[in-house]
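I have placed the structure first, in the form of structure tokens, so that the comments after it can refer back to it.
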Amino acid sequence: ARVSVRGALGVQNANGERVTVQGWIRSVRSQKEVLFLHVNDGSSLESLQVVADSSFDSRELAFGSSVEVQGQLVKSPSKKQNVELKAEKIEVVGNCDAKAFPFKYKERHPLEYLRQYPHLRCRTNILGSILRVRSEATAAIHSFFKDSGFVHIHTPVITSNDCEGAGELFQVEPSSKIKVPEENFFNIPVFLTVSGQLHLEVMSGAFTQVFTFGPTFRAENSQSRRHLAEFYMVEAEISFLESLQDLMQVMESLFKTTAMTVLSNCPKDVELCHKFIAPGQKIRTYAKKQLSNWGADLHTEHEKYLVKHCGDIPVFVINYPRALKPFYMRDNEDGPQHTVAAVDLLVPGVGELFGGSLREERCHFLEQRLARLGLTEAYQWYLDLRRFGSVPHGGFGMGFERYLQCILGIDNIKDVIPFPRFTHSCLL
Ligand code: 4AD
Ligand code: MG
Numbered sequence: 026a027r028v029s030v031r032g033a034l035g036v037q038n039a040n041g042e043r044v045t046v047q048g049w050i051r052s053v054r055s056q057k058e059v060l061f062l063h064v065n066d067g068s069s070l071e072s073l074q075v076v077a078d079s080s081f082d083s084r085e086l087a088f089g090s091s092v093e094v095q096g097q098l099v100k101s102p103s104k105k106q107n108v109e110l111k112a113e114k115i116e117v118v119g120n121c122d123a124k125a126f127p128f129k130y131k132e133r134h135p136l137e138y139l140r141q142y143p144h145l146r147c148r149t150n151i152l153g154s155i156l157r158v159r160s161e162a163t164a165a166i167h168s169f170f171k172d173s174g175f176v177h178i179h180t181p182v183i184t185s186n187d188c189e190g191a192g193e194l195f196q197v198e199p200s201s202k203i204k205v206p207e208e209n210f211f212n213i214p215v216f217l218t219v220s221g222q223l224h225l226e227v228m229s230g231a232f233t234q235v236f237t238f239g240p241t242f243r244a245e246n247s248q249s250r251r252h253l254a255e256f257y258m259v260e261a262e263i264s265f266l267e268s269l270q271d272l273m274q275v276m277e278s279l280f281k282t283t284a285m286t287v288l289s290n291c292p293k294d295v296e297l298c299h300k301f302i303a304p305g306q307k308i309r310t311y312a313k314k315q316l317s318n319w320g321a322d323l324h325t326e327h328e329k330y331l332v333k334h335c336g337d338i339p340v341f342v343i344n345y346p347r348a349l350k351p352f353y354m355r356d357n358e359d360g361p362q363h364t365v366a367a368v369d370l371l372v373p374g375v376g377e378l379f380g381g382s383l384r385e386e387r388c389h390f391l392e393q394r395l396a397r398l399g400l401t402e403a404y405q406w407y408l409d410l411r412r413f414g415s416v417p418h419g420g421f422g423m424g425f426e427r428y429l430q431c432i433l434g435i436d437n438i439k440d441v442i443p444f445p446r447f448t449h450s451c452l453l
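Note that full-length UniProt numbering has the sequence shown beginning at 26, numbered continuously upward.
This is the structure we're talking about:
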């Protein structure tokens, strides 16, 4: 039977079962009479030990080659693993020129080095672990929302609005080779979405609790350790929501439930990521500044200081000055301070992980704000939501890559997404 490496390793009391395993050679070690191979197929961090006798040509079986091994699963004499595969037939599916292959056997390549090879780095242990955790976390997030009674919505990637109003948009146009009957494909300028929030607000007006989890795009200077031009965002929107406290509870519960699920489903992958952090890498020094004047925005250093100051744990920051925040946030009506019901969750090492708010559900407040911004006409549909059965509601967005950075302790966001896109870089 054909089994995965994970399947083979899971066999208890192996007793000569005949199996076929396919994968890539992660290590080759030859001793006098025997040859030890480790074969990995990405199904787990661990590789399967293959034991071959001297009739197999070790030069053929190079680090990095793909192989198909037939043999018998037996109990391993070594304490390192339960089972090993006694090879009867080894077929090299595709060989690998070790001299040209960018990864060397037994070497631990730094993440920055691996980043140069987005097409090959997934074959390393560390990227394997990160991307398996990413897959587990994706499933855990979907389960969390399903179990909490949320409806999943596919919000569009192409949109005509700028939800955050920050102007960090990528415009979408047909390629010049395509003949479009009109001058403009959609008749109006359209962009890659920066957030699915406004579309979720539409849907929360029918399904009460909704979420989306998809790619979002920002044309901001994304050379930093925590910005990408294309990233995945988990967004939720909840109707009949009364307070920021209720919203923060959902945020916290999403964070914790997902982390617990990942930890129990792939403890070894998580452990490897934590081990991979070089000592000292996480220790950074922050200038202890006066936390900005009232009305000024928090910068990365302020966020880091706040988190440190609170004992290096996640910190909610609420009620930001209105002038700093997008048009949709609910006015707190608190006089000269003029704040809106916004909430950010700041976490150690990463900074802002969640951004959320109560939304302005009162039609006249929203009309005034839109008028001031000259957006009244474009947002008639949004005002309609307040005219026809408006409810108090709110929601949040969580940067999925920042979440992975946070739970895995990975310093650079480019290492937790399979194919990173950032300023001046779109490899592959
Ligand atoms: O704070 P942001 O801009 O909030 C929104 O877009 C809201 N409309 C979400 C909502 O309420 N539905 O973005 C949310 C989160 C940030 O806290 C951050 O974690 C992440 O998205 N994020 C980025 N992650 C990677 N690269 C970037 N360039 C990011 N920009 C934001
Ligand atoms: Mg934000």
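All C-beta atoms, glycine included, are put in the ideal place defined by N, C-alpha and C.
Strand pairing of residue i, partner residues [DSSP]
i	result
residue 40	99
residue 483	Any question about residue 483 goes unanswered here, given that the chain covers just 26 to 453.
residue 119	91
residue 237	260
residue 111	76, 97
residue 189	Looking at the DSSP assignment, residue 189 forms no beta bridge with any residue, so it has no partner.
residue 423	259, 379
residue 356	365
residue 48	92
residue 345	365
residue 196	216
residue 65	49
Check: residue i C-beta below 7 Å from any heavy atom of the ligand 4AD
i	result
residue 189	yes
residue 222	yes
residue 252	yes
residue 219	yes
residue 427	yes
residue 423	yes
residue 67	no
residue 386	no
residue 35	no
residue 15	Beyond the ends of the chain as shown, which are 26 and 453, falls residue 15; an answer cannot be given.
Assigned secondary structure, residue i (DSSP; H/G/I helix, E/B strand, else coil)
i	result
residue 27	strand
residue 306	At residue 306, the pLDDT of 45 sits below 50, so the modelled position is not reliable and the matter cannot be decided from this model.
residue 362	helix
residue 450	strand
residue 7	Look at the range of the chain in this structure, 26 to 453, and you will see that residue 7 is not part of it.
residue 367	strand
residue 73	strand
residue 230	helix
residue 381	strand
residue 53	strand
residue 292	helix
residue 372	strand
residue 106	coil
residue 136	helix
residue 393	helix
Residue i beta carbon near the ligand MG (any heavy atom closer than 7 Å)
i	result
residue 369	yes
residue 380	yes
residue 193	no
residue 245	no
residue 260	no
residue 377	yes
Residue-level contact to chain E via CB, residue i, 8 Å cutoff
i	result
residue 383	No chain E is present in this structure, which holds just one protein chain.
Open item on the list: Could you check whether the stretch 117-129 touches the stretch 87-98, counting it as contact only if at least three pairs of C-beta atoms, one from each stretch, sit closer than 8 Å?
Closed with: With a cut-off of 8 Å, the stretch 87-98 and the stretch 117-129 count as touching, because enough Cβ pairs lie within range.
Task: the stretch 188-207 contacting the stretch 128-144, beta-carbon criterion three pairs below 8 Å - done: In this structure the stretch 188-207 does not lie against the stretch 128-144, because fewer than three pairs of beta carbons, one per stretch, are closer than 8 Å.
Open item on the list: Check whether the stretch 238-249 and the stretch 185-200 touch, using three or more Cβ-Cβ pairs below 8 Å as the test.
Closed with: Yes: the two stretches touch, three or more of their Cβ pairs being nearer than 8 Å.
Open item on the list: With three or more beta-carbon pairs closer than 8 Å as the criterion, would you say the stretch 53-70 touches the stretch 148-163?
Closed with: Using a Cβ-Cβ distance cut-off of 8 Å, the stretch 53-70 and the stretch 148-163 are in contact, since at least three pairs of beta carbons, one from each stretch, lie closer than that value.
Open item on the list: Taking 8 Å as the cut-off, does the stretch 330-342 touch the stretch 361-373 (at least 3 CB pairs, one atom from each stretch)?
Closed with: Yes, since at least three Cβ pairs between the stretch 361-373 and the stretch 330-342 fall closer than 8 Å, the two stretches touch.
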